[in-house]
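Here is the structure we will look at.
Residue numbers (the working numbering): 278 to 458.
Here's what the structure looks like:
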């Protein structure tokens, strides 16, 4: 069974839920060359295949003859996600992936955990203290700049780890951030 990154799993799940299993358009928010890297890795893992574009479909790339190609999930992609492939022959397989996808969000967004002994774990510990921590206190503890602290709180703690971080202005300390336990 192929190991999938979170991004690969999101892209394949969306594709397998679509009629025909088309990967495009991509629903994940990726920047720069990340889209091409993820899609190319799915092709290498044989979870996606290039096929000729149908009229009105998004184009992945053009082959050496200039013919437009798009991407479709392979039966291995459905298997990797524990879904039945959409054969297009009848409507029953289309209904099953939709049912499976309804169950998928409950298991897919499992929050990550901070590695033991990491700065991330130390930051979480600081914010879980009853008094919380200010930007200046975190900067002093880790040698980070203020924008790095704000980015870690908003991106890593809130988005990736799914933690609820609250903030309030405290006289003499400035804005103090806390994680409720």
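Cβ coordinates follow ideal geometry from the N, Cα and C atoms, glycine included.
Review point. Could you give the residue range of the beta strand (DSSP E) that holds residue 292?
Key: Premise fails: residue 292 lies in the alpha helix (DSSP H), 283-294, not in any beta strand (DSSP E).
Review point. Who are the Cβ neighbours of residue 377 in its own chain at under 6 Å, not counting the five residues just before and after it?
Key: Residue placement at residue 377 is flagged as unreliable, the pLDDT there being 45, under the threshold of 50; the coordinate-derived value follows with that caveat. Cβ neighbours of residue 377 beyond the five flanking positions: 360.
Review point. Roughly how many angstroms separate the alpha carbons of residue 373 and residue 290, rounded to a whole number?
Key: Legend: pLDDT at residue 373 = 43, less than 50; position of this residue unreliable, value from coordinates given subsequently. If you take the alpha carbons of residue 373 and residue 290, they lie about 13 Å apart.
Point to revise | Residue from 450, 409, 419, 449 whose Cα sits closest to the Cα of residue 443 | key: Nearest C-alpha to residue 443: 409.
Practice item. List the endpoints of the continuous alpha helix (DSSP H) containing residue 435. Key: Careful: residue 435 lies outside any alpha helix (DSSP H) and carries neither H nor E.
Review point. Closest by CA to residue 302, which one among 283, 349, 280?
Key: Residue 349 is the option with its Cα nearest to residue 302.
Check your understanding: By DSSP, does residue 456 sit in helix, in strand, or in coil?
Key -> Correct three-state label for residue 456: strand.
Exercise for review: Report the three-state DSSP secondary structure of residue 442 (helix, strand or coil).
Suggested key: If DSSP states are grouped into helix, strand and coil, residue 442 belongs with the strands.
**Study point:** 7 Å CB neighbourhood of residue 446 in its chain, flanking five on each side removed
**Key:** In its chain, beyond the 5 residues on either side, 452 have a beta carbon closer than 7 Å to the beta carbon of residue 446.
Review point. From which residue to which residue does the beta strand (DSSP E) around residue 328 run?
Key: Taken as a continuous stretch (DSSP letters only), the beta strand (DSSP E) holding residue 328 covers 325-329.
Practice item. Please name the residue, chosen from 436, 412, 406, 435, that lies closest to residue 425 on a Cα-to-Cα basis. Key: Closest in alpha carbon position to residue 425, among 436, 412, 406, 435, is 412.
Exercise for review: Within 10 angstroms of the Cβ of residue 298, are there 16 or more other Cβ atoms? Answer buried if so, exposed if not.
Suggested key: Its Cβ being crowded by 16 or more others within 10 Å, residue 298 is buried.
Point to revise | Neighbour-count burial assignment, residue 280, 16 or more Cβ in a 10 Å radius | key: Classification for residue 280: exposed.
Check your understanding: Considering only C-alpha positions, which residue in the set 431, 353, 396 is nearest to residue 417?
Key -> Of the candidates 431, 353, 396, the one whose C-alpha sits nearest the C-alpha of residue 417 is 396.
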